[in-house]
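Down below is the structure, laid out as structure tokens.
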Amino acid sequence: MATIVGSITTSHVPAIGGAIARKRQQEPYWKPFFDGFHAARDWLAKARPDVAVVIYNDHGLNFFLDKMPTFAVGAAPEYRNADEGWGLPALPPHRGDVDLSWHLIEALIAEEFDLTTCQEMLVDHAFALPMELLWPGPSPCPVRTVPVCINTVQFPLPTPARCFKLGLAIGRAVESWDSDARVVIVGTGGLSHQLDGQRAGFINREFDQLFMEKLVGDPLWVTRYSIPDLVELTGTQGVELLMWLTARGALPGDVNKVHANYHVPISNTATGLMVLEAV
Ligand code: DHB
Ligand code: FE
């Protein structure tokens, strides 16, 4: 059966793509953010995953307000990225793992998660940039991928409790996959940020740091909050931390915190990074 090696959860911000394209990683503004990823890549070199299940939120590239699934799973042989503006280069397509996709879809639907199944799927900065940070080019990304997309765009959003349960079900599904593959769970989004309205620029360091700490040993802590609570505490887009919670749910048993980094701000976002190893 497949093995879950651990999780990597990270923020995503389109400006990171610009910094990579313009080679700004060593500039004082960017260095504390990019430096956080050395330890994550060192851990990946030891953990040697073959496949990444990537839990992220689309921002209007693949799903728009006319059709907005709460949960969607990719089942495509490859996932293309697209230009999101400012002339950022589109990153090369990512290889899918159709076998794991269909296994996940069957297992999750059997567990009463009514998914949207996507045999074609474009992936935006929330998928492509964390992958580029974890497995930088120019050589092709060495892991196959299965995207899992959670709606954080159009209300109503799934509750934290529901997302955690989805994570638990993803973990069980991966561990029942008849394969000798090593699987890493990647979750991208958050931490606190608000891009628009009167509170634009809102960041809550105290909550973010408590959330990161609780996620390790007491992830159910965050399920006490409703979506409106999370909007108030973390900003309208801070609810993307649901991706971290879902990823944490997928880890079997106890975990060991390998690495964490927190840096404020990158663009309008409080950026977090955490590597948890399944023990
Ligand atoms: C920013 C952050 C996001 O999560 C996102 O999806 C887009 C932009 C930002 O801080 O600029
Ligand atoms: Fe986002």
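Basically this note's numbering = 1-based index in the sequence shown + 492. All C-beta atoms in this analysis are idealised placements derived from N, C-alpha and C, irrespective of residue type, glycine included. In this text the structure is predicted, and so the values were computed from the model without any measurement.
When secondary structure is reduced to three states using DSSP, Ser499 falls in the strand class. A distance criterion of 7 Å places the beta-carbon of Gln729 in contact range of the ligand FE, judged by its closest non-hydrogen atom. Residue side-chain check: Leu557 keeps its Cβ at 7 Å or more from all non-hydrogen atoms of the ligand DHB. Screening all residues for a C-beta within a distance smaller than 7 Å of any heavy atom in the ligand DHB leaves Ser503, His504, Val505, Pro506, Ala507, His551, His617, Ala618, Gly681, His685, Leu687, Gln729, Glu732, Ile758, Ser759, Asn760 and Thr761, in chain order.
Note that the segment 685-699 does not touch the segment 735-750; fewer than 3 beta-carbon pairs, one per stretch, sit closer than 8 Å.
For Glu612, there is no enclosing beta strand (DSSP E), as DSSP gives it neither H nor E. Distance between Thr495 and Pro569, taken at the CA atoms: about 22 Å. Per DSSP, the continuous beta strand (DSSP E) segment holding Met766 begins and ends at Thr761 to Ala770. For Pro581, the secondary structure class from DSSP, reduced to helix, strand or coil, is coil. Distances from the CB of Asn549 to the heavy atoms of the ligand FE include at least one below 7 Å. Looking at Gln611, Cys641, Phe656 and Asp672, the one whose alpha-carbon comes closest to that of His617 is Cys641.
The shortest CA-to-CA distance from Pro648 to any of Ile719, Glu598 and Val675 is the one to Ile719. Under the three-pair Cβ rule at 8 Å, the segment 573-585 does not count as touching the segment 711-725.
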